[in-house]
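Here the sequence shown is numbered in this note's numbering, starting from 323 and rising by one per residue.
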Amino acid sequence: MKNALQSLEAFRGNDYHGRLVQSVEPWEIAVLRAGQTVASVPLTPTEGTYLTQAIAGLDQRRPLVLFRCALRQGDWAQGNSMQA
C-alpha cells in the first residue's frame, strides 16, 4: 500500500483532486489539478477494493487528501498482515 500512498504524497495542497478510474487495469487514481489530469497513480487490487469501501462516490472528483487519509487508515498502515 505504501507505493500508492507515497506517490500521492507528491501532490499537496487543496488544488489537487482525485478520481478512481476503474476502466483501466490496474485501477488507478487520476490526479486532477484545475480540472486537468496531471498524473495517474496505479493501485493494487487490495488498494482499489479498500478505497471503494472507504470512500463513497470515488467515480466523482474528490479532494486528494481523502485518498491519502483513507490509505493511511488501512490495516497495512497499522502493521497488520494485510499487504500488497
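In this text, a Cβ means the ideal position worked out from N, Cα and C, and glycines have one as well. Fair warning: this is a prediction, and the values are worked out from it, not measured in the lab.
inquiry  = Quick check: the Cα distance between L327 and C391, rounded to an integer number of angstroms?
reply    = As a working note, residue 327 is residue 5 in the sequence shown. As a working note, residue 391 is residue 69 in the sequence shown. When rounded, the distance between both Cα atoms is 9 Å.
Beta-carbon proximity check, P367 vs H339, cutoff 8 Å = Along the sequence shown, read from residue 1 onward, the residue named residue 367 stands at position 45. Along the sequence shown, read from residue 1 onward, the residue named residue 339 stands at position 17. A distance of 8 Å or more separates the beta carbons of P367 and H339.
request  = Could you pull the start and end residues of the alpha helix (DSSP H) that E350 belongs to?
outcome  = In the sequence shown, the residue the question calls residue 350 occupies position 28. Taken as a continuous stretch (DSSP letters only), E350 belongs to no alpha helix (DSSP H), being part of the beta strand (DSSP E) at E350 to R355.
message = Just to confirm the assignment, what range does the beta strand (DSSP E) spanning R341 have?
response = Locating residue 341 in the sequence shown gives position 19, where the first residue counts as 1. Counting along the chain, R341 sits inside the beta strand (DSSP E) bounded by residues Y338 to V343.
key: Residues that V387 bridges to, as DSSP identifies them   = As a first step, residue 387 is located in the sequence shown; it is residue number 65 there, counting from the start. The partner list for V387 (beta bridge, DSSP) is empty, contrary to what the question assumes.
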